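Student:
Residue numbers (the working numbering), protein chains in the order written: chain A, 36 to 389; chain B, 36 to 389.
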């Protein structure tokens, strides 16, 4: 016979599993949820200066990277665990998996543990669309989506929900990926055009999104492909040695970033001199500096993903726990009645004898 | 009606709850388990140079600290989340709570999530005793245990299991804490003496363990209390501004540490000049440098807790999962059949209509 102990409320941490996260998405609607997450991200970018910021803590290996991305606003602390293993896809695994946590700064006790593979896809797309709202040319209606992997449908629907996108032009080096994305987007209320080349994909597009996964210096967009007046949303250049744009494009663009110390290491701008001027997005959002200032300007959002975006997404999920009940209570923390009596708690959990 | 999705094996991460951890301790025996964890820690200290090491990543607030402690041996990656909030005790909360994770470096996929409040208590005591095995005077049989909080019983029993301790002399500024520890240790096969002063506690003791929790420069041991030949096991000085020993003691001692860059910030030696000589324990364990070299020498283990010890403890727990079955399978990772089809996985999880 085994004695069981009933954990106290303080010992239980709400846990959002992948299944619960998917139920949450469906109960809210994927576009509405990305709109909501974008609002949380925008609100947190507005109070950028109140956050502890640090470049992510990375552990590199020859085949990938494992990272911890912590931040805090003084009331809540959050971090995300995330890996990046481009070769995983060939083995039937996700390139990126993630989970995250929020904790009370006052007590240090976790208040939410959540899957973040799905949530990262949502927050990455929400961030791109929130930024495009500020930087894309007025009336932008068509996006070239180059790279049709796991992030492509989310990018498309976030741009639809937040920027009013009407048409997406898909291209991937692997036609099966394009077919997958086209199939998934077929009934989502947006025109979908499958393209046979990147040149075809960018025809008539005001927003160019690149999201490919190779861990190498690649040139997904060459200089002559990029005309004046477009907004480039560069998602896939997100670790040292991984870029997607020809350097010449960067020199023709006004470059907007999340957190310069991290982007200089991980983003497209690792190709440039360390003093090359960039604009921090939070300053555009708060009105300190202009975003797009002319119709002919090329704006480039050199996105690498920053801890505050995860923090915002976790806040969004946490704020929906009570109304939806879509979580488990996880017995994660030992919390004896007398905090000094951890050993006594252990002893009282001993199996009954006889 | 809600559709449920059955996660693939790859999506499920073994999770050891507090209840399962306590069952694991009882199925193995607390002393045997600390002996086992000490063996894993000692084995990992022997291959110290094969680990990625970094000082912990700390987020400080006026009331406490939240830390992430990552490390990797190239095959497994591990990290611990841990808080330190001395004021928590007054609010009925634990000063320290923790959980940890192991992941495959090859894929980035987590392979174990575990509570670590209980496990940290076990690994801290196991580390102290493993180190005392090398540094305490021969035939040491009596320990003064100053500070009778949550760690005190574990320290005592680890020293009994690993160093042959016969008698513990308890002292705490709060007699209720001493009474609690004495009660818990009463039937554990060791002589327990409750003392009314620190001076009384150290009478006849060869090992002096300090483990108090105030976040301030304190002087738990004064210089004249420490005679020659003893081993001091200083646990409680473990963050900036928190020390337990009079500086004069440090100057009379040979000081042994886990990882100097972290200990200089957090340990007793934050009181000393940055170039004050210290010895790394892994070099003692591998025989590169001597440990205790004379009967009159004062040895001081300035312990702050290092990521490799958590890594070792998590390895120990993971190696026992299959034989004990003491875990849940946690739906933590989204793992679609086609890794590029995260959106399709989400769509297929939609609630059935009608």
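We put the CB at the ideal spot given by N, CA and C, even for glycine. Values in this document were obtained by computation on a predicted structure and should not be read as measured data.
So what's residue 170 of chain A in DSSP terms, helix, strand or just coil?
Tutor: If DSSP states are grouped into helix, strand and coil, residue 170 of chain A belongs with the helices.
Student: Can you find a C-beta in chain B that's less than 8 Å from the C-beta of residue 36 of chain A?
Tutor: Caution is warranted here: a pLDDT of 33 is assigned to residue 36 of chain A, below 50, making its placement in the model unreliable, and the coordinate value is therefore given only provisionally. Not closer than 8 Å to any Cβ of chain B, the Cβ of residue 36 of chain A fails to qualify, so no.
Student: Note down, in chain order, every chain B residue with its Cβ under 8 Å from the Cβ of residue 215 of chain A.
Tutor: Per Cβ cutoff of 8 Å: 373, 375, 376, 379.
Student: Just checking: is the beta-carbon of residue 161 of chain B within a distance shorter than 8 Å of some beta-carbon in chain A?
Tutor: False, the Cβ-Cβ gap to chain A never drops below 8 Å.
Student: Mind pulling the chain B residues with CB within less than 9 Å of residue 101 of chain A?
Tutor: Near residue 101 of chain A (Cβ distances below 9 Å), the residues of chain B are 105, 107, 112, 114, 138, 140, 143.
Student: Pull the bridge partners of residue 149 of chain A from the DSSP assignment, please.
Tutor: DSSP, once it has assigned bridges, lists A:51, A:135 as partnering residue 149 of chain A.
Student: Give the C-beta separation of residue 28 of chain A and residue 335 of chain A to the nearest angstrom, bearing in mind that I take them to be a contact with Cβ-Cβ under 8 Å.
Tutor: Nothing in the structure corresponds to residue 28 of chain A, since chain A is present only between 36 and 389.
Student: Taking residue 128 of chain B as the query, report the chain A residues whose CB atoms sit under 8 Å from its CB, ordered along the chain.
Tutor: Near residue 128 of chain B (Cβ distances below 8 Å), the residues of chain A are 45, 142, 144, 370, 374.
Student: Please confirm if residue 152 of chain B has its CB atom under 8 Å from at least one CB of chain A.
Tutor: Cβ-Cβ to chain A under 8 Å: yes for residue 152 of chain B.
Student: So, does the CB of residue 382 of chain B fall closer than 8 Å to a CB anywhere in chain A?
Tutor: Chain A contact via Cβ: present.
Student: Can you name the residues of chain B whose CB is closer than 7 Å to the CB of residue 386 of chain A?
Tutor: Within 7 Å Cβ-Cβ: 61.
Student: Given residue 39 of chain B, which residues of its chain have a CB within under 6 Å of its CB, disregarding the five upstream and five downstream residues?
Tutor: The pLDDT assigned to residue 39 of chain B is 44, lower than 50, so where the model puts this residue is not dependable; a value taken from the coordinates is nonetheless given after this. Cβ neighbours of residue 39 of chain B beyond the five flanking positions: none.
Student: For residue 98 of chain B, collect the residues of the same chain with a Cβ closer than 7 Å to its Cβ; drop the 5 residues on either side in sequence, then sort them by chain order.
Tutor: Closer than 7 Å at Cβ, skipping near neighbours: 120, 122.
Student: So which of B:337, B:221, B:159 has the shortest CA-CA distance to residue 71 of chain B?
Tutor: Taking only the C-alpha atoms, the option nearest residue 71 of chain B is B:159.
Student: Interface residues of chain B around residue 392 of chain A at Cβ under 7 Å?
Tutor: Outside the shown range of chain A, which is 36 to 389, sits residue 392 of chain A, and nothing can be said about it.
Student: With distances taken Cα to Cα, identify the nearest neighbour of residue 208 of chain B among B:188, B:190, B:180.
Tutor: Minimum Cα distance to residue 208 of chain B is reached at B:180.
Student: Whose Cβ in chain A lies nearer than 7 Å to the Cβ of residue 462 of chain B?
Tutor: Examination of residue 462 of chain B is not possible in this model, given that chain B is present from 36 through 389 alone.
Student: I think residue 149 of chain A touches residue 51 of chain A, with their Cβ atoms under 8 Å apart; what is that distance to the nearest whole Å?
Tutor: With a Cβ gap of about 4 Å, residue 149 of chain A and residue 51 of chain A count as contacting.
Student: State the CB to CB distance for the pair residue 73 of chain A and residue 133 of chain A, rounded to an integer number of angstroms; the pair is presumed to be in contact (CB under 8 Å).
Tutor: No, residue 73 of chain A and residue 133 of chain A are not in contact; Cβ-Cβ is about 19 Å, not under 8 Å.
Student: Exposed or buried, residue 374 of chain B, counting other C-beta atoms within 10 Å across all chains shown (16 or more means buried)?
Tutor: Buried.
Student: Which residues of chain A have a Cβ atom closer than 8 Å to the Cβ of residue 212 of chain B, listed in chain order?
Tutor: Correct list: 375.
Student: Please classify residue 85 of chain B as buried or exposed, where buried requires at least 16 neighbouring CB atoms within 10 angstroms.
Tutor: It is exposed - the Cβ of residue 85 of chain B has fewer than 16 other Cβ atoms within 10 Å.
Student: Rounded to the nearest angstrom, what separates residue 173 of chain A and residue 323 of chain A at their Cα positions?
Tutor: So the two alpha carbons sit approximately 20 Å from each other.
Student: Which complete beta strand (DSSP E) runs does the stretch 272 to 355 of chain B hold, if anything under 3 residues is left out?
Tutor: Those beta strand (DSSP E) runs which fall completely within the stretch 272 to 355 of chain B and span 3+ residues are 278 to 280, 288 to 292, 333 to 337.
Student: Would a check of beta-carbon distances place residue 349 of chain A closer than 8 Å to chain B?
Tutor: For residue 349 of chain A, the answer is no, since every Cβ of chain B falls outside 8 Å of its Cβ.
Student: So, do the stretch 98 to 112 of chain B and the stretch 311 to 321 of chain B have three or more beta carbon pairs nearer to each other than 8 Å?
Tutor: Not touching, per the Cβ criterion.
Student: For residue 230 of chain B, which residues of its own chain have a beta-carbon under 7 Å away from its beta-carbon, when the five flanking residues on both sides are left out?
Tutor: Excluding sequence neighbours, residue 230 of chain B sits near 204, 205, 206, 236.
Student: Give a yes or no on contact between the stretch 350 to 359 of chain B and the stretch 105 to 115 of chain A, applying the rule of three or more CB pairs nearer than 8 Å.
Tutor: Flag = no, the stretch 350 to 359 of chain B and the stretch 105 to 115 of chain A do not touch.
Student: Checking contacts by CB at 8 Å: is residue 79 of chain B closer than that to chain A?
Tutor: Chain A contact via Cβ: absent.
Student: I'd like to know whether the C-beta atoms of residue 103 of chain A and residue 103 of chain B end up nearer to each other than 8 Å.
Tutor: Cβ atoms of residue 103 of chain A and residue 103 of chain B: closer than 8 Å.
Student: DSSP on residue 270 of chain B, reduced to helix/strand/coil?
Tutor: Coil at residue 270 of chain B, not helix or strand.
Student: By how many angstroms is the C-alpha of residue 175 of chain A removed from the C-alpha of residue 168 of chain A?
Tutor: Taking the straight line from one Cα to the other gives about 10 Å.
Student: Which stretch, first to last residue, makes up the beta strand (DSSP E) that contains residue 202 of chain B?
Tutor: Element bounds for residue 202 of chain B: 202 to 206.
Student: Can you give me the C-alpha to C-alpha distance between residue 278 of chain B and residue 245 of chain B, rounded to a whole angstrom?
Tutor: Taking the straight line from one Cα to the other gives about 10 Å.
Student: In this structure, what does DSSP give as the bridge partners for residue 111 of chain A?
Tutor: Residue 111 of chain A is bridged to A:139.
Student: What is the DSSP secondary structure of residue 402 of chain B, reduced to helix, strand or coil?
Tutor: Look at the range of chain B in this structure, 36 to 389, and you will see that residue 402 of chain B is not part of it.
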